[in-house]
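Heads up: the sequence shown is residues 7 to 939, going by the working numbering. Note that the Cβ used here is the ideal one computed from N, Cα and C, for glycine as well. For reference, the structure is listed below as structure tokens.
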Amino acid sequence: MDFISLDDVEATLEELKKQVDRARIDKDSPSLKHDLDIKYQRTQVLYKEGRFKEAETLESQRLLVLVALHGFADKRTIRSMDTLSSLRFNAKEQQGGGDLLDTAIALRIETQGANHPDTLASLASKVAHLQNLGQFPEAVQLGQYVVDMCKGSLARSDPARLRGMSNLASVYASGGDPTKAEELLLEILRIREETLPYDDPDTVRSRVNLSGVYFGQKRWKDAVLLLEPVLSLRRRTMGDSHPMTMSIARQLAYAYSELKGQTDNLTIQLLILNTAKKTYGEDHEQTLDALLGLVPTYIQRRMWKDAIETTEQILEKQKRRLPADDPMIIDLSSHLDTLMREFPNRECKVSDVSNIVYRPLSLDSRQIRIAYITKGSRSDPLEATLLRTSLDALPSYEALSYVWGRDQSVAKLALNGHCINITPSLQGAMMQLRSSTEDRLIWIDAICINQEDPEERSKQVQLMRDIYSNAKRVIVWLGEEAEDTKAGVEFLKALEVHSSPKEHAADVLRAAPSNLTAILNGIRELLLDRSYWNRLWIVQEVMCAKDLVVHCGSLTVGYEILGKVYDIILQAILILVQEQHPATPRYLRIVNQLSGGGGQSSWREPTSTCMPLEELLRAHWSSECSDPKDRIYALLGISSLKNSTHLGLKVDYSKSTSEVYRGATKAIIEETGRLGVLCLVTEAGTHAVTKTYRARQPFLPSWVPDWNVHRRTAISLARTNPLSKISENARAKFEFSSDGTCLDVTGLGISSLEHCGKRFEMVQMRLKDIMTLFLGWRQSIVDYSRPSRRGGPDIWLRKFYSMLNPDKPDTWLVTEADWARWELTSVLPGPVDSALSEREKQFLRTTYQFCVGRRLCYLKDSGPGSLDGYNLGLCPNEATEGDLLCAVLGCPVPIILHPVDEHFLVVGEAYVPDYMSGEAMEGNPPLQIFTLH
């Protein structure tokens with residue numbers, strides 16, 4: 007490989023020397039180093055704000071000073087050259103940036119060697135430069151060399167290695183090899199998601215890079231899944247008007263338009279328009295372009311009046327700028343005429359296939375369809391006909407509760423004489439349930455509701471509570487039976503008919519028959535290994551059923567016994583404990599695995615059907631549904647708000663997910679008069695088991711929880727403080743903006759965050775990792791509370807220990823000796839479980855549940871519990887220095903607000919022991935209004 011030498015960059019070095027001489031830098035000035043630091047910090051700020059030319063000017067000044075002080079061969083000088091070349095590239099100055107980059111590479115090769123990580127990082131930048139110059143063969147050759155060298159000498163997550171892979175991927179994408187580009191970018195994204203926080207700039211950049219490849223392949227859905235979390239993060243961290251935020255917004259808007267029917271398309275177009283108005287003014291070309299982009303979106307959503315008014319507005323503004331015969335004026339006038347002519351004749355129609363199979367239901371009545379499954383043998387094709395009836399005059403029927411399934415293959419069903427596609431899961435259920443002697447009348451959501459008609463779907467979902475409660479029986483379909491299912495079901499059936507189920511279970515465990523392992527495996531598989539139990543809709547279907555029977559292949563068992571089997575086996579084991587049976591420990595380990603499995607009997611209790619919607623959403627946050635809107639709709643019918651007429655709770659599948667969540671949150675606040683729902687606001691998380699990442703919706707106001715993200719905090723602070731004086735003594739005071747996007751709340755700003763510690767964000771409960779994180783937190787307490795600064799570490803450590811034990815604040819569950827021993831244990835190779843007592847393990851597991859998703863924070867505070875004007879607490883991972891700890895009327899715990907201009911963003915709930923029982927409100931302090939966006 008031929009490299010750049012110092013001889014190749016002699017001209018650039020000579021020019022820099024001349025600039026240094028002309029600058030007449032006073033190398034003895036005492037303020038020179040300070041000025042360098044200030045310029046560096048300012049350059050970083052300008053870069054983040056996208057002000058590359060201003061940043062370039064400052065970095066040019068820094069470079070000259072560094073050359074004067076240290077010469078060309080110093081690492082600081084070379085690093086400045088790298089930075090300045092990058093700024094010039096961003097400012098579209100390819101030549102100037104390229105010359106400086108070549109100089110940095112030549113100097114690095116001379117001083118550090120060709121294979122040094124810093125040199126490889128600079129060479130990776132050279133790959134991108136060659137690509138921008140259109141020199142693709144040279145870029146591929148150098149890029150492959152850099153990647154090979156990095157893989158041979160650098161760690162998997164080394165930044166230089168990842169940059170080399172990223173730049174090579176970009177060359178492949180531009181050069182027409184998207185497959186190689188995607189492979190590299192997927193590997194980079196996996197590494198960064200494993201090693202960096204989800205909102206780290208490098209992780210975000212990896213998503214953007216991969217989305218670019220998907221754009222080139224017209225894989226719009228894949229691109230949207232990557233860009234939505236990026237837009238959400240950039241809106242939160244950079245603001246709407248930042249060029250990088252708007253760039254992602256425009257890309258996402260384009261992808262939405264290509265997807266057709268994407269309900270968030272209007273939201274993002276309005277975001278772009280409002281930002282353009284604020285940044286450029288009402289009549290600027292950027293604003294008019296944003297307005298023009300709205301018109302096809304209005305047409306796509308059949309909002310004809312809005313499309314006409316927007317076109318008229320654009321035409322009026324353009325007439326003030328352009329002559330009457332300008333092609334744009336002519337095109338706009340023609341387009342407006344067409345809209346006005348066709349507007350009265352536009353109707354919303356469902357597909358022709360749906361019209362053939364489904365006769366329309368009366369949406370103003372309680373009409374439904376029920377399917378007659380035609381009798382037949384296992385070898386006969388599936389056939390069914392639809393019966394239209396009313397919930398007020400029903401025949402005897404059953405209802406099916408099942409999982410649609412993720413299998414992308416399709417099965418066939420002859421419905422009303424026409425062939426339609428159904429899922430393999432539904433096919434298996436219908437084949438098993440079909441009678442050989444008579445037709446069977448069953449309500450099945452996938453075929454009894456026209457899924458292609460959003461209006462009908464919305465209306466029918468509102469009736470599903472009544473549909474399941476009126477059915478003579480609800481059939482739970484778990485899927486086909488597994489190897490040990492039969493043994494488990496036979497054992498369950500024996501328990502059903504026995505006069506003393508626990509005695510029968512004890513007899514079986516005591517006798518230990520040859521099929522005992524199969525019995526226990528079968529029960530475990532029924533309760534834990536079926537995707538049915540993770541489905542959100544089953545909560546309503548199970549709660550409302552008069553009678554429930556569970557089908558697994560050809561086997562059936564009562565639902566009630568499934569819900570009780572854990573308690574029955576546990577009681578049986580307790581009998582064996584009293585007998586000192588030798589197999590008791592093994593049985594206890596097995597029964598512990600069954601805890602929290604499917605068939606929960608608590609769902610069948612009468613009180614379960616009138617819980618607050620907020621509590622239901624919290625309790626079933628981890629359940630799965632294919633449509634995020636169903637997070638609300640699947641639970642609404644069994645909540646205390648089931649009869650509410652609030653518009654925010656009207657089932658409407660034509661709305662975007664953001665609109666549904668915002669409406670539901672507004673309804674919860676207005677119907678309950680409380681603001682506890684603010685405590686459920688959380689950012690994105692990674693699922694502990696599946697490792698999937700699900701980001702917050704990009705268009706949600708910050709005060710609206712995103713019910714579809716993976717919740718990171720295992721224990722809600724609001725639930726541990728249900729009688730907080732903040733909410734006990736004062737009803738919430740709030741007001742929504744006219745468009746429902748902003749919320750004014752009344753409360754008290756307690757203190758601001760001075761410093762935030764390391765994030766506590768893990769996806770596995772390994773005791774060693776938990777211990778290491780706590781040790782890091784403890785050390786940060788010691789470092790931050792030196793006697794000269796905060797009054798000494800001892801009192802701060804006591805406060806820290808109390809905070810980790812909120813239920814027993816005056817008890818040190820972990821002693822100083824324990825912490826010292828943990829320091830030694832944590833550096834040992836391998837797991838630490840055997841070195842810990844049960845007390846320590848329990849402490850670590852409990853505090854993990856409390857701290858995960860949060861970080862230590864130090865607050866400026868003059869309250870009674872403060873130390874030398876400061877306090878200690880836990881805040882969400884996304885909190886930053888300068889955020890505000892607030893007590894809001896109607897909210898059970900303090901929350902963190904992030905100030906932006908004249909308004910605030912909700913970050914999430916906080917834990918500061920001195921303020922968890924409403925102490926901030928004592929003495930009736932003056933309150934203020936916080937406007938939440």
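Residue i: first and last residue of the uninterrupted alpha helix (DSSP H) it sits in
i, result
"Tyr-876", "Looking at the DSSP string, Tyr-876 is not in any alpha helix (DSSP H); the run it does join, the beta strand (DSSP E), is 876–882."
"Leu-388", "Here Leu-388 belongs to no alpha helix (DSSP H), and DSSP marks it neither H nor E."
"Trp-310", "310–327"
"Cys-425", "Run containing Cys-425: none in the alpha helix (DSSP H); it sits in the beta strand (DSSP E), 424–428."
"Trp-226", "226–243"
"Ile-254", "249–265"
"Val-153", "142–159"
"Lys-81", "81–96"
"Asn-811", "That residue, Asn-811, is in no alpha helix (DSSP H); it is neither H nor E in DSSP."
"Ile-776", "773–790"
"Ala-17", "16–29"
"Thr-853", "844–857"
"Lys-33", "Premise fails: Lys-33 is in no alpha helix (DSSP H) and is neither H nor E."
Helix, strand or coil at residue i [DSSP, three-state]
i, result
"Phe-766", "strand"
"Gly-411", "coil"
"Glu-353", "Bear in mind that the predicted position of Glu-353 carries a pLDDT of just 44, short of 50, making it too unreliable to give a figure here."
"Ile-529", "helix"
"Leu-406", "strand"
"Glu-928", "coil"
"Leu-202", "coil"
"Pro-728", "Since pLDDT at Pro-728 reaches only 47, below the 50 mark, its modelled position is unreliable, and the value read off the structure follows with that caveat. In this structure, Pro-728 counts as coil in the three-state DSSP scheme."
"Arg-624", "helix"
"Ile-379", "strand"
"Glu-291", "helix"
"Ser-794", "Note on Ser-794: pLDDT 46, under 50, position unreliable in the model; the coordinate value appears next. Helix, per DSSP."
"Gly-77", "coil"
Range of the contiguous beta strand (DSSP E) that encloses residue i
i, result
"Leu-911", "909–915"
"Leu-905", "Reading the sequence as shown, one finds Pro at residue 905 and not Leu. Looking at the DSSP string, the run of the beta strand (DSSP E) that includes Pro-905 is 901–906."
"Gln-934", "934–938"
"Ile-455", "Per DSSP, Ile-455 belongs to no beta strand (DSSP E) and is neither H nor E."
"Leu-277", "No beta strand (DSSP E) holds Leu-277; the alpha helix (DSSP H) holding it covers 271–286."
"Ile-448", "446–449"
Cross-strand partners of residue i (DSSP beta bridge)
i, result
"Tyr-864", "His-761 and Leu-878"
"Lys-892", "The question names Lys, but residue 892 is Cys in the sequence shown. Gly-755 and Ile-901, per the DSSP bridge assignment."
"Val-563", "Val-556"
"Thr-395", "Ile-374"
"His-750", "In the sequence as displayed, the identity of residue 750 is Asp instead of His. The partner list for Asp-750 (beta bridge, DSSP) reads Glu-741 and Thr-937."
"Lys-418", "Asn-427"
"Arg-479", "Glu-404"
"Met-617", "Ser-645"
"Leu-873", "Tyr-876"
"Arg-541", "Glu-630"
Whether residue i touches residue j by CB criterion (8 Å)
i, j, result
"Ile-374", "Leu-397", "yes"
"Asp-712", "Tyr-667", "yes"
"Ser-176", "Asn-215", "yes"
"Leu-532", "Thr-562", "no"
"Cys-863", "Ala-885", "yes"
"Asp-824", "Leu-773", "no"
"Ala-673", "Leu-655", "yes"
"Asp-149", "Gly-181", "The displayed chain sequence assigns Gly, not Asp, to residue 149. No, Cβ-Cβ distance for Gly-149 and Gly-181 is not below 8 Å."
"Gly-888", "Leu-759", "yes"
"Leu-72", "Gln-25", "no"
"Leu-393", "Tyr-408", "no"
"Pro-921", "Pro-900", "According to the sequence provided, residue 921 is Tyr. The question's Pro does not apply to it. Their beta carbons are under 8 Å apart, which means Tyr-921 touches Pro-900 by this criterion."
"Ser-660", "Pro-460", "yes"
"Asp-752", "Ile-935", "Looking at the sequence itself, residue 752 is Thr, so the reference to Asp does not match. It is a contact, given that the beta carbons lie within the stated cut-off."
Assumed close pair residue i, residue j - CB separation to whole angstroms, cut-off 8 Å
i, j, result
"Leu-498", "Tyr-538", "Actually they are not in contact, since the Cβ atoms of Leu-498 and Tyr-538 sit about 16 Å apart, beyond 8 Å."
"Val-548", "Leu-554", "7 Å"
"Leu-294", "Lys-323", "6 Å"
"Thr-18", "Asp-105", "5 Å"
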